[in-house]
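Protein chains in written order, with our numbering: chain A, 500 to 750; chain B, 98 to 392; chain C, 212 to 532.
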């Protein structure tokens with residue numbers, strides 16, 4: 500079985516604290532997987548190592564058989580890994596459309612151009628509009644991004660990542676801070692995007708409806724260690740997972 | 098090479114380093130505690146020198162009290178500037194740029210005010226009685242006033258060390274080299290603290306200016322030279338890094354003292370050369386961990 | 212892009228060009244023409260500087276370095292080698308500025324925020340000191356006088372029109388750049404550098420690129436100034452020169468492409484009027500900018516547009532560039 504992403508014995512410690520402890524797993528093309536775990540389990544740190552923000556202390560990360568360790572975030576993005584953030588990472592003063600245009604132009608390698616107006620690039624414009632439509636943000640296209648509601652900013656963040664046409668999309672808590680209705684909507688939307696764009700999708704999430712509703716596989720992290728992985732049914736029944744969560748609740 | 102000559106330059110370098118350090122520590126103090134970059138810090142140095150001149154040469158107050166009065170007066174002007182102007186831009190997007198701009202305006206205003214009040218000729222303060230001569234060690238003559246400056250510098254270093262490591266205020270100051278919100282969470286009255294710390298930092302600058310006045314005559318516009326030197330010190334040591342600034346100041350002071358002795362014509366270039374070399378070979382500063390500079 | 216807006220824009224552009232073109236015909240004194248020429252050159256310098264600050268968020272306090280390189284290239288070659296060298300000197304000035312800005316840029320771009328600002332200042336002061344001390348080459352604090360451009364260019368009115376053409380052309384180029392994909396990336400860098408990395412673009416590479424480009428136009432402005440005033444002075448590299456373009460940008464508004472140009476007009480005219488009455492010009496401009504920074508951070512152009520959009524009841528006025 501060919502893996503798209505293969506993480507092997509990844510290690511990272513801050514001082515004495517092991518935030519990633521011998522983590523190994525792989526992601527298959529076109530699957531949708533969730534990473535869960537109590538707060539401080541090392542989920543975001545894991546993403547940060549995959550995307551090149553944080554150098555691991557040891558281990559390997561291979562993406563389509565290319566070693567990612569030591570590469571810069573922008574290199575890794577260009578290899579085909581997109582990312583959305585826990586706190587929406589957007590360009591606040593630009594319009595929603597221009598946010599997406601920036602990403603599309605980057606994907607098309609047009610950002611060195613300094614003559615033609617960026618608004619007149621037809622292909623980028625079409626791609627940006629298509630993404631706006633998929634996100635349901637067409638009516639907001641001309642508003643500056645900072646004016647958007649929190650939930651829509653999160654969607655825009657996802658849209659920016661989508662515009663890069665990633666082979667692998669990492670989402671860090673796509674529904675964080677959303678109201679229950681927004682969550683519901685986002686859950687459906689993400690599932691739809693996954694099918695529409697034939698994505699390989701890995702997301703970190705605390706919303707269990709979303710995790711058990713749409714993930715095909717679930718990875719559970721606790722104290723930097725991968726304590727379980729498998730289909731939703733097997734995770735639901737896993738004792739270690741239950742203790743990890745209950746243990747956190749009681750103290 | 099003549100040993101006496103080298104030793105004399107060395108001491109002169111040390112006293113220069115002390116002045117640089119005193120001034121730079123004010124700059125680094127307010128940056129460390131409040132993340133405020135006071136581009137006009139050198140202007141407070143200049144103000145201190147003029148206040149010192151006014152109080153001692155014109156009003157006839159004895160030298161040492163005059164230094165303290167000059168420092169205090171500069172500190173009051175500093176607190177007032179912070180209270181009236183700087184505080185109005187806290188929390189604005191791209192605040193860093195606006196801080197530089199606002200304090201740049203202060204440079205323009207103070208420079209001209211000084212010119213209006215004292216004219217643009219050189220002013221100087223006489224060395225205090227008892228510090229006019231030199232001490233002879235072997236065949237090395239060391240001006241006593243230079244020794245006095247070094248002593249004052251050591252005193253401030255000791256006091257600072259005591260405050261930083263032994264008092265609650267010092268611990269807060271060290272812990273809060275992060276941001277103002279954290280200060281607030283520690284139950285500190287942030288606006289008041291910033292005004293006070295700004296006042297202390299500028300008082301330090303003003304006192305340094307007055308101390309330096311007997312050695313280097315004061316002119317309007319002296320502020321910018323000293324701010325660049327202080328900045329180089331801070332770059333060498335790492336911003337917000339008190340001890341780093343001390344080493345940076347000594348390095349820069351010695352380099353300058355020897356440059357003046359050997360290549361007087363080009364001596365003003367050496368501070369910059371030290372900075373460029375540091376940037377090329379140790380861009381993170383000589384003493385600071387890299388992350389501190391990502392401010 | 213809707214047509215009326217473009218149309219309006221073209222109209223403003225033509226009007227501006229016309230006003231400056233008419234100056235030598237309508238104004239009687241050479242002094243006034245010289246003033247208009249100064250506005251043009253400083254306007255170009257300020258607009259090029261604002262590509263760094265207002266657009267990309269890099270507050271350089273050292274653009275005087277490149278302004279000085281342009282001025283001294285023309286000044287030295289024209290007086291030492293020959294007037295015919297005016298245009299080659301311009302080219303050499305630009306090439307030197309490109310090379311130096313690339314080297315300095317590689318060093319200073321590793322720093323962010325205040326460090327960047329102060330290091331650019333320190334490099335410019337280094338160049339200032341060298342210019343001041345290297346008397347044999349630069350004439351030290353006497354500067355260089357008698358820079359007479361060759362042929363027709365020696366005629367002040369003709370030279371004015373050349374300046375007008377070069378400045379308008381350069382600003383047009385910069386304007387295209389501000390609205391190109393590259394310009395969009397620069398704006399994005401100011402707002403969220405981390406996200407720029409995560410759309411696959413290098414922040415530093417783009418910062419370096421705009422640093423060099425901005426410096427090239429600063430050098431062009433310096434070169435033009437050398438020919439216009441026929442004399443140059445080390446003060447062109449002094450920190451106050453870098454400060455001047457910062458003040459112009461704030462005065463006009465850093466979030467509008469033409470803000471700095473308007474700022475240059477206002478500042479130079481004010482300086483002309485007030486500077487004639489009092490030697491304490493800095494305190495006046497310092498206080499004015501202080502008030503602007505605290506109360507009107509959008510600058511003249513920004514506040515005017517803001518008022519206008521409020522007047523029309525349009526709440527969602529947003530900032531281009």
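We treat Cβ as the ideally placed atom computed from N, Cα and C, and that holds for glycine.
State yes or no: is the beta carbon of residue i nearer than 7 Å to at least one beta carbon in chain B?
i                      : result
residue 327 of chain C : no
residue 470 of chain C : no
residue 389 of chain C : no
residue 350 of chain C : no
residue 363 of chain C : no
residue 512 of chain C : no
residue 333 of chain C : yes
Return helix, strand or coil for residue i, following the three-state DSSP convention.
i                      : result
residue 611 of chain A : coil
residue 393 of chain C : helix
residue 721 of chain A : strand
residue 501 of chain A : coil
residue 509 of chain A : strand
residue 532 of chain A : strand
residue 528 of chain C : Only weak support exists for where residue 528 of chain C lies, its pLDDT of 44 falling under 50; the value from the coordinates is given anyway. Here residue 528 of chain C sits in coil by DSSP.
residue 748 of chain A : Caution is warranted here: a pLDDT of 48 is assigned to residue 748 of chain A, below 50, making its placement in the model unreliable, and no coordinate value can be reported.
residue 520 of chain A : strand
residue 358 of chain C : coil
residue 166 of chain B : helix
residue 382 of chain C : helix
residue 659 of chain A : helix
residue 478 of chain C : helix
residue 326 of chain C : helix
residue 213 of chain C : Note on residue 213 of chain C: pLDDT 49, under 50, position unreliable in the model; the coordinate value appears next. Reduced to three states, the DSSP call for residue 213 of chain C is coil.
residue 574 of chain A : helix
residue 391 of chain B : Confidence is the limiting factor: at residue 391 of chain B the pLDDT is only 37, short of 50, which leaves the residue's position unreliable and the question unanswerable from this model.
residue 345 of chain C : coil
residue 291 of chain C : helix
State yes or no: is the beta carbon of residue i nearer than 7 Å to at least one beta carbon in chain C?
i                      : result
residue 678 of chain A : no
residue 687 of chain A : no
residue 602 of chain A : yes
residue 326 of chain B : no
residue 339 of chain B : no
residue 651 of chain A : no
Bridge partners for residue i per DSSP, in chain order?
i                      : result
residue 566 of chain A : A:561
residue 231 of chain B : B:240
residue 728 of chain A : A:718
residue 581 of chain A : A:668
residue 315 of chain B : B:220
residue 702 of chain A : A:533, A:670
residue 643 of chain A : A:594
residue 525 of chain A : A:505
residue 443 of chain C : C:355
Indicate whether at least one CB of chain A lies closer than 7 Å to the CB of residue i.
i                      : result
residue 337 of chain C : no
residue 516 of chain C : no
residue 402 of chain C : yes
Residues of the region 487–507 of chain C whose Cβ lies closer than 7 Å to any Cβ of chain B, in chain order = 491, 493, 494, 496, 497, 498, 500, 501, 504, 505
query = Just by C-beta distance, which residues in the region 452–465 of chain C are closer than 7 Å to chain A?
reply = none
inquiry  = Residues of the region 434–454 of chain C in Cβ contact with chain B at a cutoff of 7 Å, in chain order, please.
reply    = 450, 454
query = Using a beta-carbon distance cut-off of less than 9 Å, what residues from the region 609–621 of chain A approach chain C?
reply = 609, 610, 611, 612, 613, 614, 615, 616, 617, 618, 619, 620
query = Quick one, which residues of the region 351–369 of chain B are near chain C if we go by CB-CB under 9 Å, in chain order?
reply = Of all residues in the region 351–369 of chain B, only 362, 363, 365, 366, 368, 369 come within less than 9 Å of chain C when Cβ atoms are compared, listed by chain position.
message = Below 8 Å, how does it come out for the region 590–609 of chain A and the region 642–651 of chain A: are there three or more Cβ pairs, yes or no?
response = yes
Chain-ordered residues of the region 180–194 of chain B with a beta carbon less than 8 Å from chain C = 182, 185, 186, 189, 191, 193, 194
ask   = In the region 372–386 of chain C, which residues sit with their C-beta less than 9 Å from some C-beta in chain A, listed in chain order?
value = 384
message = For the region 197–220 of chain B, list every residue whose C-beta sits within 8 Å of some C-beta in chain C, in sequence order.
response = Hits within the stretch, in order: 197, 198, 199, 201, 202, 203, 204, 205, 206, 208, 209, 210, 212, 213.
inquiry  = Measuring CB atoms only, is the region 396–407 of chain C touching the region 315–322 of chain C, in the sense that at least three cross pairs come out at less than 8 Å?
reply    = no
ask   = Listed in chain order, which residues of the region 411–422 of chain C have Cβ atoms closer than 7 Å to some Cβ of chain A?
value = 411, 412, 413
message = Along the region 295–311 of chain C, where does the CB come closer than 9 Å to a CB of chain B? Name the residues.
response = none
Contact list for the region 128–141 of chain B against chain C, Cβ threshold 7 Å = 134
ask   = Which residues, in chain order, does the region 280–303 of chain B contribute to contact with chain C at a C-beta distance below 9 Å?
value = none
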